[in-house]
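Numbering-wise, this note's numbering puts 135 at position 135 of the sequence shown, and it's gapless, one number per residue.
Backbone N, C-alpha and C define an ideal beta-carbon position, used for all residues, glycine too.
Okay, structure first, notes after.
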Amino acid sequence: MDAFVVVQALWVFLPAYVANMTPVITAKLFPKWSAPMDGGRVHRDGRRLMGPGKTWRGLVTGAVAAALTAWIQSQTRPASWDVTTFGAQSGAWAPVALGTALGLGTGAGDAIKSYFKRRKDRPRGAPWIPFDQLDFVIGGLTFAAAAASILYWSNATPTHWFTDTLLGDQWPVIAILVLVTPILHLAVNVIGYSLRLKDVPW
Ligand code: CTP
Ligand code: MG
Numbered sequence: 001m002d003a004f005v006v007v008q009a010l011w012v013f014l015p016a017y018v019a020n021m022t023p024v025i026t027a028k029l030f031p032k033w034s035a036p037m038d039g040g041r042v043h044r045d046g047r048r049l050m051g052p053g054k055t056w057r058g059l060v061t062g063a064v065a066a067a068l069t070a071w072i073q074s075q076t077r078p079a080s081w082d083v084t085t086f087g088a089q090s091g092a093w094a095p096v097a098l099g100t101a102l103g104l105g106t107g108a109g110d111a112i113k114s115y116f117k118r119r120k121d122r123p124r125g126a127p128w129i130p131f132d133q134l135d136f137v138i139g140g141l142t143f144a145a146a147a148a149s150i151l152y153w154s155n156a157t158p159t160h161w162f163t164d165t166l167l168g169d170q171w172p173v174i175a176i177l178v179l180v181t182p183i184l185h186l187a188v189n190v191i192g193y194s195l196r197l198k199d200v201p202w
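Below, the structure is given as structure tokens:
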């Protein structure tokens, strides 16, 4: 395994990384669109289901940003490098579909994490290692696997994008994502904190 494999893994997962950062930025840009995904509902333990930090704005803008990212990547991929096509050989809609799935999965993983984080009585913004770092990796991979399976089984794409690019025998991409993402996550949050985009450096 060489360093290039790590670069490939990060490139394939770039839509999810973008989707995970977008809500922080759109929260600053559109503070009034703050409708929470839990609708303000309170669990029987007295705490919010997910809390005011998980908004529809974050979910939707994250998914749109991921779709755009995957589409741009599919247009700019190096010719010798077919792992980044996101199924683009079937049409431009395929990267958009897979990017949307990566983005929605990212937001869903993050929101489900927050549900359990509230049950553990950890307030919004408190650290919860390693779940804060890996929630979106698990969510993004799960939704992307489901979307790629639907596209493949319905004959919309000739190959199965997920098994082709993320379970290939020559590079254990998922292991790389799980190991490298927490380090990247911390680095990005420290930058976001110093830019005053985030309230806490984690
Ligand atoms: N955000 C949002 N909608 C989402 C996810 C995130 O608006 N679906 C915004 C919120 O302003 C949130 C910020 O991005 O505070 C940072 O997101 P994150 O770190 O995931 O949430 P926390 O506020 O830390 O909440 P939690 O403790 O539940 O992780
Ligand atoms: Mg957080």
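Check                                                                                                                                                                               : Outcome
Can you name the start and end residues of the alpha helix (DSSP H) that residue 156 belongs to?                                                                                    : No alpha helix (DSSP H) holds residue 156; DSSP gives it neither H nor E.
Tell me whether the region 30-41 and the region 53-61 touch, counting them as touching only if at least three CB pairs, one residue from each stretch, are closer than 8 Å.         : yes
Bridge partners for residue 36 per DSSP, in chain order?                                                                                                                            : 55
Span of the alpha helix (DSSP H) holding residue 179?                                                                                                                               : 173-194
Since residue 134 and residue 181 should fall inside the 8 Å C-beta cutoff, what is the C-beta to C-beta distance between them, to a whole number of angstroms?                     : 7 Å
Using a Cβ-Cβ cut-off of 6 Å (strictly less than) and excluding sequence neighbours within five positions of residue 52, which residues of its own chain qualify?                   : 36
Could you pull the DSSP bridge partners for residue 42 from this structure?                                                                                                         : 48
Is residue 119 helix, strand or coil when you go by DSSP?                                                                                                                           : helix
In angstroms with no decimal places, state the Cα-to-Cα distance between residue 43 and residue 49.                                                                                 : 5 Å
Can you give the Cα-Cα distance for residue 250 and residue 100, rounded to whole angstroms?                                                                                        : Because the chain here runs from 1 to 202, residue 250 falls outside it and cannot be looked at.
Give the DSSP-derived three-state secondary structure of residue 166 in the structure shown.                                                                                        : helix
Measuring CB to CB, does residue 157 end up less than 9 Å from residue 87?                                                                                                          : yes
Where residue 22 and residue 153 are concerned, what is the direct C-alpha to C-alpha distance, given to the nearest angstrom?                                                      : 31 Å
Leaving aside the five residues before and after residue 193 along the sequence, list all residues of the same chain whose C-beta is less than 6 Å from its C-beta, in chain order. : 201
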